[in-house]
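The structure appears below as structure tokens.
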Amino acid sequence: MEEQKKTVLRCTLIAMLFMSEIKHKKNRINNKRKRKQLKKYKNELKSNGCSRCGNKGIKTIEFHHVNGKSATIGSLSSITKINNELKKHVIVLLCKNCHAEIHGGVAELVDVVRVLPIAKPEN
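Those letters in the sequence shown? Residues 1042 to 1164, per our numbering, in order.
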């Protein structure tokens, strides 16, 4: 009888470990999918290029808050959070050089015409 209890306990532990591993694997897959969607979405936003000089290099494009800053869009972790930030603030796309010039006081945001649109809802 004691041997039977040990066997049942072993089987239960193995099953729990197995189920835990499956759950962990599903979470990893879902997180990877979400990160991929988020990156694609940010790249779609950046595809318009720099509002000042027209540079289209996605890796050089940054988000510039015109009327105050509450969060860095590049660090936001969901499409919903990005959309909320776009609704709250006027944000323009600038390449790293133009962004640095504006923050350094060398240039002004006078001739900027393209502002990020309100984004699409998250799927």
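Heads up, the beta-carbon is just placed ideally off N, CA and C, and yes, glycines get one too.
Q | Stretch-stretch touch, CB-based, cutoff 8 angstroms, three pairs: the stretch 1059–1071 with the stretch 1096–1103 | A | no
Q: Could you name each continuous alpha helix (DSSP H) segment of 4 residues or more that falls completely within the stretch 1079–1148, going from the start of the chain to the end?
A: 1120–1129, 1137–1144
Q | Three-state class that DSSP yields for residue 1151 in the structure shown | A | coil
Q | Straight-line gap, residue 1106 to residue 1128 (C-alpha atoms, nearest Å) | A | 12 angstroms
Q) Does the ligand FMN have a heavy atom nearer than 6 angstroms to the CB of residue 1094? A) No copy of the ligand FMN appears in this structure; indeed no ligand is present at all.
Q) Can the beta-carbon of residue 1108 be found less than 7 angstroms from the beta-carbon of residue 1140? A) no
(Q) Using 8 angstroms for Cβ pairs, my map puts residue 1087 next to residue 1134. What's the rounded Cβ distance? (A) 6 angstroms
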